[in-house]
Amino acid sequence: MADAPSVQRTLVLVKPDGVSRGLVGEVLRRIEAKGYTLAAVELRTADRAIFEQHYAEHLGKAWLPALIEFMTSGPLVAVVAEGHKVIEGFRSLAGATDPTAAAPGTIRGDLARDWGTSAIQNIVHGSDSPESAAREIALWFPHL
12 MADAPSVQRT LVLVKPDGVS RGLVGEVLRR IEAKGYTLAA VELRTADRAI
62 FEQHYAEHLG KAWLPALIEF MTSGPLVAVV AEGHKVIEGF RSLAGATDPT
112 AAAPGTIRGD LARDWGTSAI QNIVHGSDSP ESAAREIALW FPHL
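Each residue of the sequence shown is one higher than the last, beginning at 12 in our numbering.
Set out below in structure tokens:
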């Protein structure tokens, strides 16, 4: 008998552009339609401090201040999704970071717009590894 697949967790952030454009329900629908479970969902307005911790590995990079300014510009929705290979699966579901390059059928390919400035307004963030998922979930949902 084969072992049951291990369940992973990942952090998904529906960014302020996704919230302001009314796309939270569509993003959550796509996560659930893919077969993942929503373990936690919270509407939040986050401050600089949480993003300085969230993006700690990028401190000092030229693009980070603009990203933090954008991420603190309005409410966002923090989500913990879980399921088999959810980290890789959600990143595939999200699509390429650049909305113009993101494939049709992905969240960014279908819903994100190219504002001509940068790819920071691209609807969602998803953890990129089991290590970052564990760190990010502990930061956003310390009770889990």
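Even glycine gets a Cβ: it sits at the ideal position worked out from N, Cα and C.
Can you check whether the CB of residue j is closer than 8 Å to the CB of residue i?
| i | j | result |
| --- | --- | --- |
| residue 93 | residue 144 | no |
| residue 62 | residue 83 | yes |
| residue 136 | residue 24 | yes |
| residue 138 | residue 34 | no |
| residue 124 | residue 107 | no |
With DSSP as the reference, please indicate the residues paired to residue i in a beta bridge.
| i | result |
| --- | --- |
| residue 6 | Past the edges of the chain, shown from 12 to 155, lies residue 6, and the structure says nothing about it. |
| residue 136 | 24 |
| residue 48 | 93 |
| residue 53 | 89 |
Within 10 angstroms of its Cβ, does residue i collect 16 or more other Cβ (buried), or is it exposed?
| i | result |
| --- | --- |
| residue 59 | exposed |
| residue 43 | exposed |
Once the 5 residues before and after residue i are set aside, which same chain residues still bring their CB inside 6 Å of it?
| i | result |
| --- | --- |
| residue 69 | 75 |
Looking only at its own chain, which residues have a Cβ that is under 8 Å from the Cβ of residue i, when we skip the five neighbours before and after it?
| i | result |
| --- | --- |
| residue 19 | 93, 94, 95, 96, 97, 98, 141, 144 |
Taking 7 Å as the limit between beta carbons, can you name the residues of its chain near residue i, skipping five residues before and five after?
| i | result |
| --- | --- |
| residue 30 | 85, 86, 87, 88 |
| residue 131 | 77, 78, 81 |
| residue 28 | 132, 134 |
| residue 151 | 22, 89 |
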